[in-house]
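S.K.: In the order they appear, the protein sequences are chains A and B. Counting in the working numbering, the final residue of the first sequence is number 660, and the numbers go up one at a time with none missing. Counting in the working numbering, the final residue of the second sequence is number 147, and the numbers go up one at a time with none missing.
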Amino acid sequence: GAVVSQHPSWVICKSGTSVKIECRSLDFQATTMFWYRQFPKQSLMLMATSNEGSKATYEQGVEKDKFLINHASLTLSTLTVTSAHPEDSSFYICSARTGTGVYEQYFGPGTRLTVT
Amino acid sequence: AQKVTQAQTEISVVEKEDVTLDCVYETRDTTYYLFWYKQPPSGELVFLIRRNSFDEQNEISGRYSWNFQKSTSSFNFTITASQVVDSAVYFCALSEAGAGGFKTIFGAGTRLFVKA
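#1: Assess contact between the segment 578-595 of chain A and the segment 553-561 of chain A, defined as three or more Cβ pairs (one per stretch) separated by less than 8 Å. Is contact present?
#2: Could you pull out every residue in the same chain whose Cβ sits closer than 7 Å to the Cβ of Thr-561 of chain A, ignoring the five residues on either side in sequence?
#3: Cα separation between Tyr-63 of chain B and Ser-43 of chain B?
#4: Identify the residues that DSSP records as bridge partners of Cys-638 of chain A: which are they?
#5: Can you find a CB in chain B that lies within less than 8 Å of the CB of Pro-552 of chain A?
#6: For Gln-604 of chain A, go through chain B and note every residue whose CB falls closer than 8 Å to its CB, in chain order.
#7: List, in chain order, every chain A residue whose beta-carbon is nearer than 7 Å to that of Phe-137 of chain B.
#8: Provide the residue span of the beta strand (DSSP E) that contains Val-625 of chain A, from first to last.
#9: Please list the residues of the segment 68-81 of chain B that have a C-beta atom closer than 7 Å to any C-beta atom in chain A, keeping them in chain order.
#10: What are the residues that DSSP puts in a beta bridge with Asn-83 of chain B?
#11: Between the segment 555-586 of chain A and chain B, which residues of the former have a C-beta closer than 9 Å to a C-beta of the latter?
#12: Cα-Cα, which of B:Ala-124, B:Asn-98, B:Gly-140, B:Thr-40 is closest to Gln-33 of chain B?
#13: Taking only beta carbons into account, state which residues of the segment 609-629 of chain A come closer than 8 Å to chain B, listed in chain order.
#14: Give me the Cβ distance between Leu-143 of chain B and Phe-651 of chain A, rounded to the nearest whole Å; I'm assuming they're in contact under 8 Å.
#15: Check whether the Cβ of Gly-654 of chain A lies closer than 8 Å to any Cβ atom in chain B.
#16: Since I believe Glu-87 of chain B is in contact with Trp-97 of chain B (beta carbons under 8 Å), could you give me their beta-carbon distance rounded to a whole number of angstroms?
#17: Please confirm if Lys-134 of chain B has its CB atom under 8 Å from at least one CB of chain A.
#18: Spatial neighbours of Tyr-602 of chain A within its chain, please: CB distance less than 6 Å, with the 5 preceding and 5 following residues excluded, ordered by chain position.
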């Protein structure tokens, strides 16, 4: 099956610094990637949708200047949390979709971010 | 707007009991997809099933079965003869078409505890 990887799997950073999380589709080309955030004991909340080569579409309430998403190639999307604060500590999960078929959507293993 | 409701926050059962996890959804589209995912403590989502809106056939896979009823907008999940390894958070999810293609939203999740 298709594999999506994320790097790093966990990261600790100091308040005020920026952190970049990578999401890669390993054996397929992802025309669309999604970024989700999951707080402890809560559900996955969709943050943004990005299509390769174009700007990401952010969900209501998500600060696009704080969560920078780049989808420069068909196999890589990055999420940069700028000027991170403790309230940004969360589990970030990416998902990649190939073509336009909704069922061809695969999830990465997640990245746990802790901001101290 | 799409919405997924999992009214059961936590369920606790004893091993070998059957348990049903409820999922009710809302959508204005006639074409949509429903999913169930399992999230063990590791955090990585495990895909269990996908159903499209035109296929109301119930499905059985080993100890797992799913009941899809469009008339009540429900897509319930039953685990027969539960086992300790079934302990996890289970998410019901819905994908419907949007401006940028299909996007998937998740219900709040049901945390299942199976005691030996």
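The C-beta atom is built at its ideal place from N, Cα and C for all residues, glycine as well.
M.R.: By the coordinates alone:
#1: no
#2: The residue labelled residue 561 of chain A in the question sits at position 17 within the first sequence. Excluding residues within five positions, the ones whose Cβ falls inside 7 Å are Ala-628.
#3: The count along the second sequence starts at 1 and reaches residue 63 of chain B at position 32. The count along the second sequence starts at 1 and reaches residue 43 of chain B at position 12. The straight-line gap from Cα to Cα measures roughly 31 Å.
#4: Locating residue 638 of chain A in the first sequence gives position 94, counting from the first residue. Beta-bridge pairing links Cys-638 of chain A to A:Trp-579.
#5: Within the first sequence, residue 552 of chain A is the residue found at index 8, counting from 1. Pro-552 of chain A does not count as touching chain B.
#6: Residue mapping note: residue 604 of chain A aligns to position 60 of the first sequence, counting from 1. The premise fails here: Gln-604 of chain A is roughly 11 Å from chain B at the closest Cβ pair, so nothing lies under 8 Å.
#7: Walking along the second sequence from the start, residue 137 of chain B turns up at place 106. Going along chain A in sequence order, the residues near Phe-137 of chain B (Cβ under 7 Å) are Ser-587, Leu-588.
#8: Counted from its first residue, the first sequence places residue 625 of chain A at position 81. Taken as a continuous stretch (DSSP letters only), the beta strand (DSSP E) holding Val-625 of chain A covers 620-625.
#9: Gly-74, Glu-75, Leu-76, Arg-81
#10: For the purposes of this step, residue 83 of chain B is taken as residue 52 along the second sequence, with counting starting at 1. B:Tyr-64.
#11: Thr-575, Thr-576, Phe-578, Tyr-580, Gln-582, Lys-585, Gln-586
#12: Here residue 33 of chain B corresponds to residue number 2 of the second sequence, with the count starting at 1. Considering only alpha carbons, the answer is B:Ala-124.
#13: none
#14: Start at 1 with the first residue of the second sequence, and residue 143 of chain B comes out as number 112. Start at 1 with the first residue of the first sequence, and residue 651 of chain A comes out as number 107. The pair is not a contact, with the Cβ atoms about 20 Å apart (cut-off 8 Å).
#15: Counting from one through the first sequence, the residue named residue 654 of chain A turns up at place 110. With 8 Å as the cut-off, Gly-654 of chain A counts as an interface residue toward chain B.
#16: Start at 1 with the first residue of the second sequence, and residue 97 of chain B comes out as number 66. Start at 1 with the first residue of the second sequence, and residue 87 of chain B comes out as number 56. That pair is no contact at about 11 Å.
#17: Along the second sequence, read from residue 1 onward, the residue named residue 134 of chain B stands at position 103. It does; some Cβ of chain A falls within 8 Å.
#18: What you label residue 602 of chain A is simply residue 58 of the first sequence in a count that begins at 1. Once the five neighbours on either side are set aside, the close Cβ partners of Tyr-602 of chain A are Ala-592, Lys-608.
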